[in-house]
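Chains as they are written, first to last, in my numbering: chain A, 1 to 298; chain V, 1001 to 1337.
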Amino acid sequence: MDSVADTPRKSMLRQNLAEFWYYFSESKSAVVGLAFLAGIILMAIFADFIAPHDPTIQYRECLEHAPAWGEEKCNFIFGTDYAGRDMLSRIIYGTRLSLVAGGIVVLLCLSVGIVFGLLAGFFRGWVDTTIMRIMDTIMSVPGLLMALVLVAILGPGLLNAMIAISITYLPHFVRLTRSSYITESSKEYVIASKVAGAGRFRIMFITILPNCMAPLIVQGTLSFSTAILDTAALGFLGMGAQPPAPEWGTLIAENRDLMLSAPWTVTFPGLAILLAVLAINLMGDGLRDALDPKMKRS
Amino acid sequence: MFYFVLKRIALLVPIFFGVTIMAFGFIRMLPGDPVAALAGERDMTPERHAEIMLKLGLDKPVWQQYLDYIWNLLHGDFGTSVLTNRPILDEFLELFPATIELGLTAMILAVVIGVPIGIFAAVKRGTLYDQGIMGISLVGYSMPIFWWGLLLIILFGGVWGLTPISGRISFLFDVETVTGFLLIDALLSGEEGAFASAMHHMILPTIVLGTIPLAIIARQTRSAMLEVLSEDYVRTARAKGLSPLRVYGLHALRNAMITVITVIGLQVGTLMAGAILTETIFSWPGIGKWIIFSVFSRDYYAVQGGLVLIAMIIMSVNLVVDLLYGMINPRILHTSS
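Structure representation (structure tokens):
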């Protein structure tokens, strides 16, 4: 239904998007980051078609084979690992794990962080104090150490690593939501909607929340890249995804003994982590410049 | 000033209790029977089980266990390691200098390189130099440091054979522990080559641990400088005809340093997290490696004690940074008290 009231809202959204894209595309590096990330996402989705080999098949006659192409036997562009598995295919399938892990961490942080942040900002008083002191406590321990301790309780594994990492990032999201909520809540449009008789949940989620989203989106993007890094770090320490899962950090850990005799088994997975994280950070920088109202030249 | 200090310390009290509750809860949330987990023994007889329960105080009500725990903490008793049967605090203090030593050299590297290149990038804003420096620092910021460490080991240790790849000093030297800081102890020992060997062992871990703080400091110095450079007093200084060195090095830098010092202070947490990975890669006998070892060997009292001690150290450093910030930027003092 395209009623009269809907039309201006739609065109406003389009205008906002166009404005956003205008500022975002000003930074070439941000566009490159976005394109690269899109490539990685496609690679993850179509891993079954792109990967030259099955990531779990062990080519016993090609153990620790150096990168080679055009050869008759053992034709592996990125070489093979200690069990004769194709490194390239393992890395391609690893994008799935890393992207999903990063994505779930960000979604968990956003949803839980927004709810706690709104509660703290709306109710203030003891609710606010309790929530914020808990967040301060989480923040007083370095993220990786906190995640390690949480995984020690929950048990090693990719899912538990994601939960643990989410908990360590949560304070940033709660603080951001709370502070932008408090700033927004004293503005006139909020008072107007209160006067018009809007209920507290309507004010929290429909009136104010959309106006707090810009910094949250930026924080979410930056957390996406650090989540990939921390998932890989936990995998490397043996507390994240467990072998034979081809998670990038786990790949480095399982081939670590070979790093001097077969350096490609360690080099390529790490390069994959670096490039993915770099692409997301490039995009995040562009997003921040495009969405940050302080920087906006209007 | 007095109220400012008092207020900042008062803010830490709830966090201290939060951390202790968390550390206390950690042991109780472990899967399985806590007695078996904490004692590290299997197939205990019921008598032995009861004996350990009594010894660890697990038979008391939970609130009393927590009060006992706090009481012990305040008396410097952080529990006993199940593995070595030694007080956690002793083990921690024995290994901590190695971590501080590495953390300090990494921080020095980060500041000595990061601040100047940040200033340079800001002054040369928009040029190729600026873009190059910012590009490289973004790569550094995105670096999985465990892989970075392995890469350096492959190149410098393996291919070129330039540096040692693990430990703090060559096994040829037997340096007596005086301060725990090996560089100082090596000098004190008077053994020929000991200091050089210790320095040689520090190169790779320092680079690896310093990479992310270096990138962050360079980026933050740049943006702090950019903000300051657009201020009126900088324009005035330039209009007065002062030399660029004086304008940037004195007028601008001094004000930009307020931000930079805060950023440097905030890196302590990053360093601690980085130390876990760096020390594991280079077999550096410090706190990071110890914590990982304790997690894997299920020495839960050690993990718990380490958690509280590290949190307390970071809290104190942040307090000092806060107070420093108040001192160099008097505006903060007046607005908050």
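For every residue, glycine included, the Cβ atom is placed at its ideal position computed from N, Cα and C.
Note that the structure is a prediction, hence the values are computed from the model and not measured.
If you run the structure through DSSP and keep just helix, strand and coil, what is residue i?
i	result
residue 1155 of chain V	helix
residue 221 of chain A	helix
residue 226 of chain A	helix
residue 1043 of chain V	coil
residue 136 of chain A	helix
residue 1330 of chain V	helix
residue 1080 of chain V	strand
residue 1174 of chain V	coil
residue 269 of chain A	helix
residue 1163 of chain V	coil
residue 80 of chain A	strand
residue 128 of chain A	helix
residue 243 of chain A	coil
residue 2 of chain A	Its pLDDT being 49, under 50, residue 2 of chain A is placed unreliably in this model, and the value from its coordinates should be taken loosely. Coil, per DSSP.
residue 86 of chain A	strand
residue 1061 of chain V	coil
So, is the C-beta of residue i closer than 8 Å to a C-beta in chain A?
i	result
residue 1164 of chain V	no
residue 1160 of chain V	no
residue 1284 of chain V	no
residue 1024 of chain V	no
residue 1336 of chain V	Note that residue 1336 of chain V has pLDDT 48, beneath the 50 cutoff, so the model's placement of it is unreliable and the number below is only indicative. With 8 Å as the cut-off, residue 1336 of chain V does not count as an interface residue toward chain A.
residue 1019 of chain V	yes
residue 1311 of chain V	yes
residue 1269 of chain V	yes
residue 1110 of chain V	no
residue 1015 of chain V	yes
Output yes if chain V places a C-beta closer than 8 Å to the C-beta of residue i; else output no.
i	result
residue 166 of chain A	no
residue 141 of chain A	yes
residue 145 of chain A	yes
residue 54 of chain A	no
residue 27 of chain A	no
residue 124 of chain A	no
residue 277 of chain A	yes
residue 176 of chain A	no
residue 243 of chain A	no
residue 183 of chain A	no
residue 270 of chain A	yes
Looking at residue i: is its Cβ nearer than 8 Å to the Cβ of residue j?
i	j	result
residue 1105 of chain V	residue 1202 of chain V	yes
residue 1225 of chain V	residue 1256 of chain V	yes
residue 222 of chain A	residue 284 of chain A	yes
residue 1252 of chain V	residue 1114 of chain V	no
residue 1215 of chain V	residue 1140 of chain V	yes
residue 282 of chain A	residue 33 of chain A	yes
residue 233 of chain A	residue 1277 of chain V	yes
residue 1099 of chain V	residue 1302 of chain V	no
residue 120 of chain A	residue 131 of chain A	yes
residue 204 of chain A	residue 118 of chain A	yes
residue 1048 of chain V	residue 1323 of chain V	no
residue 1282 of chain V	residue 1204 of chain V	yes
residue 1150 of chain V	residue 239 of chain A	no
residue 263 of chain A	residue 93 of chain A	no
residue 1134 of chain V	residue 1122 of chain V	no
residue 1268 of chain V	residue 1220 of chain V	no
Would you mind giving the Cβ-Cβ distance between residue i and residue j, rounded to the nearest angstrom? I have them listed as a contact below 8 Å.
i	j	result
residue 1147 of chain V	residue 252 of chain A	6 Å
residue 23 of chain A	residue 289 of chain A	7 Å
residue 1081 of chain V	residue 1070 of chain V	Wrong, their Cβ atoms sit about 20 Å apart, outside the cutoff.
residue 145 of chain A	residue 1310 of chain V	6 Å
residue 166 of chain A	residue 218 of chain A	Actually they do not touch by this definition, with Cβ atoms about 18 Å apart.
residue 149 of chain A	residue 1250 of chain V	Not confirmed; about 46 Å, so no contact.
residue 98 of chain A	residue 51 of chain A	Not really, about 15 Å apart at Cβ, beyond 8 Å.
Counting only Cβ pairs nearer than 7 Å, list the residues of chain A close to residue i.
i	result
residue 1303 of chain V	149, 152
residue 1070 of chain V	Those do not exist, as residue 1070 of chain V stays about 15 Å from chain A at its closest Cβ, beyond 7 Å.
residue 1030 of chain V	153
residue 1171 of chain V	Within 7 Å Cβ-Cβ: nothing; residue 1171 of chain V doesn't reach chain A, min ~20 Å.
residue 1143 of chain V	274
Just the chain V side, please: which residues come within less than 9 Å of residue i by C-beta, in chain order?
i	result
residue 216 of chain A	Here the premise fails: no neighbours, minimum Cβ distance about 21 Å.
residue 158 of chain A	Chain V residues near residue 158 of chain A: none, gap ~17 Å exceeds 9 Å.
Below 9 Å on C-beta distance, what does residue i contact in chain A?
i	result
residue 1066 of chain V	Those within 9 Å of residue 1066 of chain V in chain A number zero; the least Cβ separation is about 15 Å.
residue 1307 of chain V	141, 145, 146, 149
At 8 Å on the CB atoms, spell out the chain V contacts of residue i, in chain order.
i	result
residue 227 of chain A	What residue 227 of chain A touches in chain V: nothing, since even the nearest Cβ is about 12 Å away.
residue 266 of chain A	1147, 1150, 1151, 1154
residue 86 of chain A	The premise fails here: residue 86 of chain A is roughly 20 Å from chain V at the closest Cβ pair, so nothing lies under 8 Å.
Residue i versus chain A: which residues are under 8 Å apart at the beta carbon?
i	result
residue 995 of chain V	A query on residue 995 of chain V cannot be resolved here, the shown segment of chain V reaching from 1001 to 1337 and no further.
residue 1292 of chain V	148, 237
Taking residue i as the query, report the chain V residues whose CB atoms sit under 7 Å from its CB, ordered along the chain.
i	result
residue 263 of chain A	1154
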